[in-house]
Amino acid sequence: MSEKFEPKIVAFFCNWCTYTAADLAGVSRLKYAPNVRVIRVMCSGRVDPQFVLDAFARGADGVLLGGCHPGDCHYAEGNYKTLRRMRMLERMLKAMGIYDGRFRLEWISGAEGDKVRSVVNDMTEKVRALGPLNLPGKFTEWDKEIEELEAHVNGGSKKEATVHAR
Amino acid sequence: MPDKPKVAFYWCASCGGCEEAVVDLAEDILTVVGAVDIVLWPVAMDFKKADIEARPDKSIVAAFINGAVRTSEQEEWVRMLRKKSQVVVSFGACANSGGIPALANQSRKEDILKYVYEDCPGVDNPDKTRPRIKCEDEGHTLTLPELRSMVRSLDQVIDVDYYLPGCPPTPKLIMAAVQALLSGKLPPKGTVLSPDIALCEECKRKDSKPADLALTEFKRPHQIQIDPEKCLLAQGIVCMGPATRGGCEALCPGGNMACTGCFGPTSRVKDQGAKFVSSVFSNIAPKEEKDIDAVLDGIPDPIGTFYRYGLSKCLLRRKLN
Chain A
51 MSEKFEPKIV AFFCNWCTYT AADLAGVSRL KYAPNVRVIR VMCSGRVDPQ FVLDAFARGA
111 DGVLLGGCHP GDCHYAEGNY KTLRRMRMLE RMLKAMGIYD GRFRLEWISG AEGDKVRSVV
171 NDMTEKVRAL GPLNLPGKFT EWDKEIEELE AHVNGGSKKE ATVHAR
Chain B
95 MPDKPKVAFY WCASCGGCEE AVVDLAEDIL TVVGAVDIVL WPVAMDFKKA DIEARPDKSI
155 VAAFINGAVR TSEQEEWVRM LRKKSQVVVS FGACANSGGI PALANQSRKE DILKYVYEDC
215 PGVDNPDKTR PRIKCEDEGH TLTLPELRSM VRSLDQVIDV DYYLPGCPPT PKLIMAAVQA
275 LLSGKLPPKG TVLSPDIALC EECKRKDSKP ADLALTEFKR PHQIQIDPEK CLLAQGIVCM
335 GPATRGGCEA LCPGGNMACT GCFGPTSRVK DQGAKFVSSV FSNIAPKEEK DIDAVLDGIP
395 DPIGTFYRYG LSKCLLRRKL N
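Those protein sequences? They're chains A and B, same order as listed.
My numbering applies: residue 51 is where the first sequence begins, and numbers increase by one.
My numbering applies: residue 95 is where the second sequence begins, and numbers increase by one.
Laid out in structure tokens, this is it:
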């Protein structure tokens, strides 16, 4: 039995534009892939690159960040700050082996319910094609090489089970 | 004469700078040596593994362990010291977060071995001989430690009680830590024994740091004549101060060198590199993608720059291959 891989995508949507657009998509009954888990933030500028890395580390296959179009930010400059730091984050992710497609930044205004649909559908398909990232699984696999020895040194006793810090 | 508390020093994948920092205590080291019994210190004194193995569990008051964990032998030693010690202090940047050795987490083990034993200029190894974990010779079995596929921080292998940050920790912080241990006035477990403030707070150049950096380019130190008074970031030099813990009293910026982040982050930060990107790069000047990219081109090696001492503690832990 082979099941189709369903990517898990964490989406950070800004309160003023993209979240409103997702809401509009909902009330307009537009159907789109159920693979995004939307987190509402007040501004795309609230999204720290740490959030993106943490989402991947906790099992996301993709991270989508939606904000207002440049010039339309409720807080005037928030989305410019987002753009600058996310351009740097993309370079960093690439250097760490997470390539284009798993992380995406999109400007979606409150009127663009249809864009939410097309972006989510498109990203879901692209991440599906890339396959699972499964970082939590990789962490466990990487630590296997040190666990064998742990049992040896501690004489096989499990009294001090080590919790590996991430 | 009552028994003096037993103390152990051990090193894993490290350069020896942390050992040097202990010696840098200068005359204060006599206070330490007078107050404790050193039962293990491979760099300075001759003790064998069997000596430590023979000790009862928890009989060592404190083990100071520096260096990243890279091989099976280091894992074995640190696990043994954990069993034999009441308190384990992760000593220095390599033990805390992988340090410089952790930059190897950008490469696969096989690629590293191939380079070192075959491709590196100057290597003469036509048979492509590599160290083997086990080999038989004239009826004897010889063994070598195994190189792990990645570099780990000490707390990714064993439970750690306290952290002394820095590459290396300053003598002042070491002495404060030793005194706290000897007096029994211990902070809560997991404490980093250094002030929990950003380095910029301690920097003499702080007053010249603008609210908005509005950078238009990044320069490397050899490309400009650095103004010794002005904030280094404001001069376009990557200075990790905003994302780094204080405690060193801004030694490097004081010496006209940018901070490279060896003290690790403050307690509010989960990932030092990502936090640095968050704080500094939102404040560069351009607004168009192409102009932003031109500024970012000034940093050719983002991982080596933002995770110089902390790649093991990056939330992703290593490059995914």
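Glycine included, each C-beta is placed from N, C-alpha and C at the ideal position.
All values derive from a computational prediction rather than experimental measurement.
Thinking just about the alpha-carbon of each residue, which of Pro336/B, Asp391/B, Ala379/B and Glu343/B is nearest to the one in Phe370/B?
As a working mapping, residue 370/B is identified with position 276 in the second sequence. Among Pro336/B, Asp391/B, Ala379/B and Glu343/B, the Cα nearest to that of Phe370/B is on Pro336/B.
Buried or exposed: where does Ile227/B fall if 16 or more other Cβ atoms within 10 Å of its Cβ makes it buried?
Counted from its first residue, the second sequence places residue 227/B at position 133. Burial call: exposed.
Could you run through the region 178-198 of chain B and flag, in chain order, every residue whose CB is less than 9 Å away from some CB of chain A?
Listed by position, the residues of the region 178-198 of chain B near chain A (Cβ gap below 9 Å) amount to none.
8 Å is my cut-off, CB to CB: does Ala308/B come that close to chain A?
As a working note, residue 308/B is residue 214 in the second sequence. Taking Cβ atoms only, chain A never reaches closer than 8 Å to Ala308/B, which makes this a no.
Please report the distance separating the alpha-carbon of Arg216/A from that of Glu232/B.
Counted from its first residue, the first sequence places residue 216/A at position 166. Counted from its first residue, the second sequence places residue 232/B at position 138. Below a pLDDT of 50, predicted positions are generally treated as unreliable, and Arg216/A, at 49, falls in that range; the measurement from the model is reported next regardless. Approximately 45 Å, taken between the alpha carbons.
How would you call Gly367/B, buried or exposed, if buried means at least 16 neighbouring beta carbons within 10 angstroms?
Against the second sequence, residue 367/B aligns to sequence position 273. By the 10 Å Cβ count, Gly367/B comes out buried.
According to DSSP, simplified to helix, strand and coil, what is Gly128/A?
Residue mapping note: residue 128/A aligns to position 78 of the first sequence, counting from 1. Of the three classes helix, strand and coil, the one that applies to Gly128/A here is helix, per DSSP.
Any contact of the region 106-119 of chain A with the region 140-160 of chain A, i.e. 3+ C-beta pairs under 8 Å?
Cβ pair count under 8 Å is three or more, so yes.
Beta carbons nearer than 8 Å to chain B: which residues of the region 89-102 of chain A have them?
Of all residues in the region 89-102 of chain A, Gly95, Asp98, Pro99, Gln100 and Val102 have a Cβ within less than 8 Å of some Cβ in chain B.
Confirm, please, whether the CB-CB distance from Gln168/B to Ala120/B is below 8 Å.
Along the second sequence, one-based indexing puts residue 120/B at 26. Along the second sequence, one-based indexing puts residue 168/B at 74. No, they are not a contact pair.
Which of helix, strand or coil does DSSP assign to Arg242/B?
As a position in the second sequence, residue 242/B is number 148, starting the count at 1. Of the three classes helix, strand and coil, the one that applies to Arg242/B here is strand, per DSSP.
If we count Cβ pairs, one from each stretch, closer than 8 Å, do we get three or more for the region 285-302 of chain B versus the region 197-210 of chain B?
Counting Cβ pairs under 8 Å, fewer than three are found: no touch.
Give me whichever residues DSSP pairs with Tyr211/B in a beta bridge.
Here residue 211/B is taken as the residue at index 117 of the second sequence, counted from 1. Answer by DSSP bridge pairing: none, since Tyr211/B is not bridged.
For the region 144-176 of chain B, which residues have a CB atom closer than 7 Å to at least one CB atom of chain A, in sequence order?
So the list reads Ser166, Glu169, Glu170, Arg173 and Met174, given in the order they occur along the chain.
Indicate whether the contact test is met: 3 or more Cβ pairs, each with one atom in the region 65-73 of chain A and one in the region 81-90 of chain A, closer than 8 Å.
Result yes; three or more Cβ-Cβ pairs closer than 8 Å.
With 8 Å as the limit, tell me which residues of the region 122-150 of chain A have their beta carbon closer than that to any beta carbon of chain B; keep them in chain order.
The residues in question are Tyr130, Lys131, Thr132, Leu133, Arg134, Arg135, Arg137, Met138, Leu139, Arg141, Met142, Ala145, Met146, Gly147 and Ile148.
Between Ser153/B and Lys413/B, what straight-line distance do the alpha-carbon atoms span, to the nearest angstrom?
If you number the second sequence from 1, residue 153/B lands on position 59. If you number the second sequence from 1, residue 413/B lands on position 319. Distance between the alpha carbons of Ser153/B and Lys413/B is about 40 Å.
Please state the DSSP three-state secondary structure of Lys209/A.
For the purposes of this step, residue 209/A is taken as the residue at position 159 of the first sequence. Because the pLDDT of Lys209/A is 44, which lies under 50, any placement of that residue in the model is unreliable, and the number read from its coordinates should be weighed accordingly. Looking at Lys209/A - three-state DSSP - the assignment turns out to be coil, as it is neither helix nor strand.
Which of the three DSSP states, helix, strand or coil, is assigned to Asn219/B?
The residue labelled residue 219/B in the question sits at position 125 within the second sequence. In this structure, Asn219/B counts as coil in the three-state DSSP scheme.
Can you tell me whether Met173/A is buried or exposed? The criterion is at least 16 other CB atoms within 10 Å of its CB, across all chains shown.
Counted from its first residue, the first sequence places residue 173/A at position 123. Buried, because 16 or more other Cβ atoms sit within 10 Å of the Cβ of Met173/A.
So with CB distances below 9 Å, who are the chain A contacts of Met139/B?
Residue numbering aside, residue 139/B sits at position 45 when the second sequence is read from its first letter. Within chain A, no residue comes near Met139/B; the closest Cβ sits about 23 Å away, beyond 9 Å.
Less than 7 Å between C-beta atoms, sequence neighbours within five positions excluded: which residues of the same chain meet that for Thr237/B?
Here residue 237/B corresponds to residue number 143 of the second sequence, with the count starting at 1. Taken in chain order, the residues that qualify are Ile227 and Lys228.
Indicate the three-state DSSP secondary structure (helix, strand or coil) for Ser277/B in the structure shown.
Counting from one through the second sequence, the residue named residue 277/B turns up at place 183. Ser277/B: helix per DSSP, three-state reduction.
Among Lys303/B, Lys100/B and Glu170/B, which residue has its Cα nearest to the Cα of Glu198/A?
In the first sequence, counting from the first residue as 1, residue 198/A sits at position 148. The residue with the shortest Cα to Cα distance from Glu198/A is Glu170/B.
Within 10 Å of its beta-carbon, does Arg314/B have 16 or more other beta-carbons around it, so buried, or fewer, so exposed?
One-based indexing of the second sequence puts residue 314/B at position 220. Arg314/B is exposed by the Cβ-count criterion.
Any C-beta of chain B sitting closer than 8 Å to the C-beta of Leu115/A?
By 1-based counting over the first sequence, the position of residue 115/A is 65. No, Leu115/A does not count as interfacial toward chain B.
With a cut-off of 8 Å, does the C-beta of Glu311/B fall near any C-beta of chain A?
Residue mapping note: residue 311/B aligns to position 217 of the second sequence, counting from 1. Judged by the 8 Å Cβ criterion, Glu311/B is not in contact with chain A.
Do Phe141/B and Phe185/B come within 8 Å of each other at the CB atom, strictly closer than that value?
Residue 185/B sits at position 91 when you count from the first residue of the second sequence. Residue 141/B sits at position 47 when you count from the first residue of the second sequence. Not closer than 8 Å, so no.
Grouping DSSP H, G and I as helix and E and B as strand, with all else coil, what is Tyr69/A?
Taking the first sequence and counting its residues from 1, one reaches residue 69/A at position 19. Of the three classes helix, strand and coil, the one that applies to Tyr69/A here is helix, per DSSP.
Can you tell me where the beta strand (DSSP E) holding Trp157/A begins and where it ends?
By one-based count along the first sequence, residue 157/A stands at place 107. Per DSSP, Trp157/A belongs to the beta strand (DSSP E) from Phe153 to Trp157.
Given that Val203/A touches chain B, what residues does it touch there, using C-beta distances under 7 Å?
As a working note, residue 203/A is residue 153 in the first sequence. Going along chain B in sequence order, the residues near Val203/A (Cβ under 7 Å) are Glu170, Arg173 and Met174.
Nearest-angstrom Cα distance between Arg176/B and Asn160/B?
Along the second sequence, read from residue 1 onward, the residue named residue 176/B stands at position 82. Along the second sequence, read from residue 1 onward, the residue named residue 160/B stands at position 66. Answer to the nearest angstrom: the Cα atoms are 13 Å apart.
What does DSSP give as the partner residue(s) for Tyr403/B in the beta ladder?
Within the second sequence, numbered from 1, the residue matching residue 403/B stands at position 309. DSSP lists no partner for Tyr403/B.
Can you tell me which of the three DSSP states Gln329/B falls into?
Numbered from 1 along the second sequence, position 235 holds the residue referred to as residue 329/B. Helix.
Return the CA-CA distance between Phe400/B and Ser78/A, expressed in angstroms with no decimal places.
As a first step, residue 400/B must be located in the second sequence, where it is residue number 306. As a first step, residue 78/A must be located in the first sequence, where it is residue number 28. Going by the C-alpha atoms only, they are around 45 Å apart.
How big is the Cα-Cα spacing for Ser302/B and Cys123/A?
Reading the second sequence from its first residue, position 208 is the one you call residue 302/B. Reading the first sequence from its first residue, position 73 is the one you call residue 123/A. Going from the Cα of Ser302/B to the Cα of Cys123/A covers about 30 Å.
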